[in-house]
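A short worksheet on the structure shown next.
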Amino acid sequence: MVTGRARPNLLAESGMAVRQHDIEADAPLDHPSAHAAGHGAHAEGQQHPIKLYLWIWLLLFVFSAFSYMVDYFQLQGALRWTLIIVFMLIKASFIVAIFMHMAWERLALKLAILVPPLTLLILIGLMAIEGDYTFLTRLASFVK
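Residue numbers (this note's numbering): 1 to 144.
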């Protein structure tokens, strides 16, 4: 181990050394703040309590039961599909937020992942509305 101002890291063998003041003014390389300096608020190796995962697992089970209850009570039509899709989206958001650690990410990453699918859903909805309008307009003109 080299002492003094310049302390090489693991890349020292290849001739690339990192000096102590390049990372943080007074923190040694093996200090936790030196490792977390480039990682923002989400420190490397951060553990979340098991209670949180068990709670989310229970909520996923409950919303799955709600989805099955839609079939059990034989709901039909738009209500059936609306409830199934709402429960599916709730479960998917829990999985993305907690198990994929999206809840602890920066806003820019959240927006980069969530905005494109939401934009596609909006565009698909607009196309469906326009398709209905075109279909109904043609139907009205042929019925006359």
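Positions of the beta carbon are idealized from the N, C-alpha and C atoms, including for glycine.
Report buried or exposed for residue i, applying the criterion of at least 16 other Cβ atoms within 10 angstroms of its Cβ.
| i | result |
| --- | --- |
| Lys51 | exposed |
| Glu130 | exposed |
| Ile98 | buried |
| Thr137 | exposed |
| Lys144 | exposed |
Pick helix, strand or coil for residue i, following the three-state DSSP scheme.
| i | result |
| --- | --- |
| Glu13 | With a pLDDT of only 46 at Glu13, under 50, the local geometry of the prediction cannot be trusted, and no value is derived from it. |
| Arg106 | coil |
| Gly38 | Interpretation of Gly38 is limited by its pLDDT of 48, a score under 50 that renders its predicted location unreliable; no figure is taken from the coordinates. |
| Lys144 | coil |
| Met127 | helix |
| Pro49 | coil |
Less than 7 Å between the beta carbons of residue i and residue j, yes or no?
| i | j | result |
| --- | --- | --- |
| Phe87 | Phe61 | no |
| Leu83 | Val70 | yes |
Review point. Quick one: complete beta strand (DSSP E) runs, 3+ long, within the region 54-94?
Key: Those beta strand (DSSP E) runs which fall completely within the region 54-94 and span 3+ residues do not exist here.
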